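Residue numbering for the sequence shown follows the UniProt record's numbering, starting at 13 and increasing by one per position. Even glycine gets a Cβ: it sits at the ideal position worked out from N, Cα and C. If you're wondering where the values come from, they're calculated on a predicted model, not measured in any experiment. Some notes on the structure that comes next.
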Amino acid sequence: ADTVRLLSSSQVITSVVNVVKELMENSLDAGASSVDVKLENSGLDRIEVRDNGHGIKGEDTPVMAAAHFTSKICSTEDLEMLETYGFRGEALGSICSVAEVTVVTKTEEDDISTQYTLNFSGEIVSQKPSHFGQGTTVSVLKLFKNIPVRRQYYSSTKKCKEELKKIQDLLTAYAIIKPELRLTLIHNKVVVWQKATVADHRSALLATLGASTVANLLPCHHQQEQPELLLDGFFPKPGADYSSTSNSNPDKTFIFVNSRPVHQKDIMKLLRQHYAAQYPDDPARNRYPTAMLKITVPPSSVDVNLTPDKTQVLLHNKEAVLTAVEALLVSLYGYRAD
Ligand code: ADP
Ligand code: MG
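Written as structure tokens, this is what we have:
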């Protein structure tokens, strides 16, 4: 049974950034306005995520890491109006099978916080009072300690750097989509990245990408009924300096579907195509624009359950979304693909 558990968990929890993403999303689902991510040895020795959210209720703590326990949905119908990042009840339990996990939590009703130590199966093996404020802190120690090949793989200097960069990119995405969120990334006790609470997406872009980049971005908006769809974007101004608004990889092209950072190949392709058409003579035409595109559709018209990490989504009205995005880009850049 332990082997089965390890095998399925190691498929849900595949990397350091994956752990950070799951913990981060739990904090956001708990309504946190402040999240601190602390890493030691690029996350391999410790990943700690501390939030000021609503905490975990006493009745839920014994089962918080049980297989498929979630406090977020009760029925499949709830999936139709999903507003949380999580709903599968898999992350915390899976992390327990591949690392050492402690959880400190305090709700509004609790007088003091409690620290829980969980075992391989996600059961509480000990608990003691602690002194944290309201919210939850999850600590993940010795990630992949029982999967030596994987731990080894992520231990190389190159991989460590890559994972840190991916974590920073991920936090940047949440920082942009949640302007009100305060975020810090600490690596080996040094603050390597942070973002304060700001009022709107534009200010969030300023805080994360810098003033010179944002000066080259233009806000765009589109709203329609049937199918119901809302687009909010920041795209490079037509004719903006190519070198300052493009990147050789997509790490500064942020696409969100209902506030989830996603990989959407077709939409990415459209963005690149329309943006690059302005620079027909540029040798490096296949570059990616620095841009943000926020797509909002009714929760019932998107399936986020394609992959455990939920970065792939299935849009029910994908053609309509693509058409609307394309229309927005045509009105901005005047390019028509045919
Ligand atoms: P899911 O997010 O899909 O519900 P998880 O395994 O990620 O599943 O978390 C299990 C449960 O633990 C959540 O449903 C929630 O009740 C609780 N939980 C985990 N992290 C937090 C947190 N930071 N704040 C409040 N509750 C949390
Ligand atoms: Mg979760």
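In this model, A336 and I85 are separated by some 31 Å (Cα to Cα). Distance from the CA of E34 to the CA of S255, rounded to the nearest whole angstrom, comes to 34 Å. Exclusion of the five residues before and after A211 leaves P191 as the residues of its chain whose Cβ lies within less than 7 Å of its Cβ. When DSSP states are grouped into helix, strand and coil, H286 belongs to the helix group.
In the DSSP assignment, R62 falls within the unbroken beta strand (DSSP E) covering 58–63.
Judged by DSSP in its simplified three-state form, Q164 adopts helix. A direct Cα-Cα distance of roughly 34 Å separates L94 from S258. Two segments are said to touch when three or more pairs of C-beta atoms, one from each, lie closer than 8 Å; by this definition the segment 230–245 touches the segment 325–345. Contact annotation: the segment 191–205 touches the segment 44–56, with at least three C-beta pairs closer than 8 Å. With a beta-carbon spacing of about 17 Å, S39 and V28 fall beyond the 8 Å limit used to define contacts. Counting only heavy atoms of the ligand MG, the residues whose C-beta sits closer than 5 Å to one of them are, along the chain, N38, G98, A103. V316 and S83 have their C-alpha atoms some 18 Å from each other. Here the distance from the Cβ of F144 to the nearest heavy atom of the ligand ADP is not below 7 Å. Listed in chain order, the alpha helix (DSSP H) elements of length 4 or more contained wholly in the segment 172–258 are 213–221, 223–226, 254–257. Ranked by how close their Cα comes to the Cα of M304, the residues G105, L18, M280, R297 have M280 in first place.
R272 and Q23 have their alpha carbons spaced roughly 21 Å apart.
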